[in-house]
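Chemist: I am attaching a structure below and will ask some questions about it afterwards.
Numbering (the numbering used here), first residue to last: 822 to 921.
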């Protein structure tokens, strides 16, 4: 059985035992989360009102920062060059189960 959840403006396909990196969430390592799925699939596909009975149980594994991404800006002819970097914060969560 799998579910599609939405968090941080993005959608993820998850199943029991998956560890995924999502946008930064509040909570310490070991905290439990309950996420509402948009879609549940497996033997049957469920969406809409039928999905409202389901819940995805997850646990916060860690907080961290992703790899550094370099941004370069350039304009020809005017000696304009810029180089900056960015590291996105993330929260790793482990899917404990899909109950419903």
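Even glycine gets a Cβ: it sits at the ideal position worked out from N, Cα and C. Quick caveat, the model's predicted, so the values are computed rather than measured.
(1) Determine the DSSP secondary structure at residue 874, reduced to helix, strand or coil.
(2) Identify the continuous beta strand (DSSP E) that holds residue 856 and give its terminal residues.
(3) Under three-state DSSP, which class holds residue 862?
(4) Starting from the Cα of residue 848, find the closest Cα among 921, 891, 919, 911 and give me that residue.
(5) Which residues bound the beta strand (DSSP E) around residue 908?
(6) Helix, strand or coil for residue 898 per DSSP?
(7) Could you have a look at residue 885 and say whether DSSP puts it in helix, strand or coil?
(8) So, are the CB atoms of residue 839 and residue 916 less than 7 Å apart?
(9) Excluding sequence positions up to five away, which residues of its chain have a Cβ less than 6 Å from the Cβ of residue 919?
Modeler: Short version:
(1) The count along the chain shown starts at 1 and reaches residue 874 at position 53. For residue 874, the secondary structure class from DSSP, reduced to helix, strand or coil, is helix.
(2) As a working mapping, residue 856 is identified with position 35 in the chain shown. Residue 856: member of the beta strand (DSSP E) spanning 853 to 856, first to last residue.
(3) In the chain shown, residue 862 corresponds to position 41, counting from 1. DSSP places residue 862 in strand when its eight states are reduced to three.
(4) For the purposes of this step, residue 848 is taken as residue 27 along the chain shown, with counting starting at 1. Across the set 921, 891, 919, 911, the C-alpha of 911 shows the shortest separation from the C-alpha of residue 848.
(5) For this step, residue 908 is matched to residue 87 along the chain shown. If you look at residue 908, you'll find it isn't in any beta strand (DSSP E); DSSP assigns it neither H nor E.
(6) For the purposes of this step, residue 898 is identified with residue 77 of the chain shown, where counting begins at 1. Coil, per DSSP.
(7) Your numbering for residue 885 matches position 64 in the chain shown. Annotated three-state conformation of residue 885 is strand, per DSSP.
(8) Within the chain shown, the letter at position 18 stands for residue 839. Within the chain shown, the letter at position 95 stands for residue 916. Between residue 839 and residue 916, the C-beta spacing is below 7 Å.
(9) Looking up residue 919 in the chain shown gives position 98. Result list for residue 919: 822, 824, 877, in chain order.
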